[in-house]
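Below: one structure, written as structure tokens.
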Amino acid sequence: MTYDLLIGQQSYSSWSLRAWLAFAPFDIPTTLHKVEIYGDTFYDDVAAFGAVRTVPAVRTPEGGMLSDSIAIAWHVADAFPDRGVMPSDPVQRAEAMSIIAEMHDGFTALRGACPVNLRTAWAGFEPSEGVLADVARFEEVMARAINRSGGPFLYGTFTLADAFYAPLATRLLTYGLPMSSTAQAYAKAIVTHPSFVDWRNAGMEETQEIARYDKAPLERVPFPTFA
Ligand SMILES: N[C@@H](CCC(=O)N[C@@H](CS)C(=O)NCC(=O)O)C(=O)O
0 MTYDLLIGQQ
10 SYSSWSLRAW
20 LAFAPFDIPT
30 TLHKVEIYGD
40 TFYDDVAAFG
50 AVRTVPAVRT
60 PEGGMLSDSI
70 AIAWHVADAF
80 PDRGVMPSDP
90 VQRAEAMSII
100 AEMHDGFTAL
110 RGACPVNLRT
120 AWAGFEPSEG
130 VLADVARFEE
140 VMARAINRSG
150 GPFLYGTFTL
160 ADAFYAPLAT
170 RLLTYGLPMS
180 STAQAYAKAI
190 VTHPSFVDWR
200 NAGMEETQEI
210 ARYDKAPLER
220 VPFPTFA
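Residue numbers (numbering that gives the first Met the number 0): 0 to 226.
Pasting the structure below:
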């Protein structure tokens with residue numbers, strides 16, 4: 000039984016990363032199909048897969064078509080109840096769904112000002128008040144969960160909530176945003192998770208540059224690594 004997962008470039012597509020992290024950490028096999036976001040044939044490629052306009056999309060083994068990351072997460076939680084994909088405690092499980100939904104339509108200033116490029120980090124980024132407000136909310140969400148669970152992930156072990164918050168954690172790292180020690184430890188746990196490392200290694204093989212993701216004239220500096 001395998002899932003077909005349609006993704007964009009692994010260095011750029013943060014939504015695709017979320018979908019990957021909804022499967023790989025839980026040993027759920029996927030076959031990856033890669034398309035070029037914002038390339039000339041992007042919308043046709045997505046349509047040929049059977050999805051609509053955006054990546055990620057998933058074809059389930061039974062032929063279901065899931066064209067949104069929330070639906071993908073919901074399905075994984077539903078189909079794999081024994082893999083620890085969501086917290087087992089019902090209250091924490093509900094909270095995890097709440098913060099996943101908040102991420103899905105929130106953090107817009109941070110997401111807009113700080114596009115993901117896992118091949119680099121940027122020096123000299125000056126955050127706006129909106130970005131700092133999103134960082135503060137990220138800290139609040141993360142601290143509430145981790146102070147209760149003890150970490151290293153939001154609910155202790157890696158869950159779908161971490162899949163959704165991973166690209167926010169990498170943004171804090173790669174844009175040199177202010178981070179508490181809890182946030183730093185969380186970001187380290189994310190970027191050293193084997194499934195994240197596999198994804199980023201594939202992204203490092205990519206060479207294409209997408210102008211809208213370029214933060215020039217900011218200086219490119221190495222992506223933070225942890226020994
Ligand atoms: N709501 C979608 C958003 C996905 C999304 O915006 N993906 C980006 C790539 S990271 C995309 O396909 N953009 C193309 C476009 O918006 O035209 C989800 O959660 O899956």
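Ideal Cβ positions, reconstructed from N, Cα and C, are used throughout, including at glycine.
Would you say the beta carbon of residue 209 is closer than 7 Å to some non-hydrogen atom of ligand 1?
Taking the first residue of the sequence shown as 1, we reach residue 209 at position 210. Checking every heavy atom of ligand 1 against the Cβ of residue 209, none is found closer than 7 Å.
Can you find a heavy atom of ligand 1 that lies under 7 Å from the Cβ of residue 114?
The residue you call residue 114 lines up with position 115 of the sequence shown. Flag unset: Cβ of residue 114 not near ligand 1.
Would DSSP call residue 140 helix, strand or coil?
Here the question's residue 140 lines up with position 141 in the sequence shown. Three-state result, residue 140: helix.
Is the beta carbon of residue 38 within less than 7 Å of some heavy atom of ligand 1?
For this step, residue 38 is matched to residue 39 along the sequence shown. It does not: the Cβ of residue 38 is nowhere closer than 7 Å to a heavy atom of ligand 1.
Taking Cβ positions, are residue 57 and residue 158 nearer each other than 8 Å?
Here residue 57 refers to the residue found at position 58 of the sequence shown. Here residue 158 refers to the residue found at position 159 of the sequence shown. No, these two residues do not count as a Cβ contact at 8 Å.
Mapping the DSSP letters down to three states, classify residue 32 as helix, strand or coil.
Numbered from its first residue, the sequence shown carries residue 32 at position 33. Note: residue 32 maps to strand in three-state DSSP.
Check for me: the beta strand (DSSP E) holding residue 101 runs from which residue to which?
If you number the sequence shown from 1, residue 101 lands on position 102. Here residue 101 belongs to no beta strand (DSSP E); instead the alpha helix (DSSP H) covers 89–104.
Starting from residue 165, follow the alpha helix (DSSP H) in both directions and report where the run begins and ends.
Position 166 of the sequence shown, counted from the start, is the residue given in the question as residue 165. That run of the alpha helix (DSSP H) goes 159–173.
Flag residue 32 as yes when its Cβ comes closer than 7 Å to any non-hydrogen atom of ligand 1, and as no otherwise.
In the sequence shown, counting from the first residue as 1, residue 32 sits at position 33. Residue 32 Cβ: outside cutoff for every heavy atom of ligand 1.
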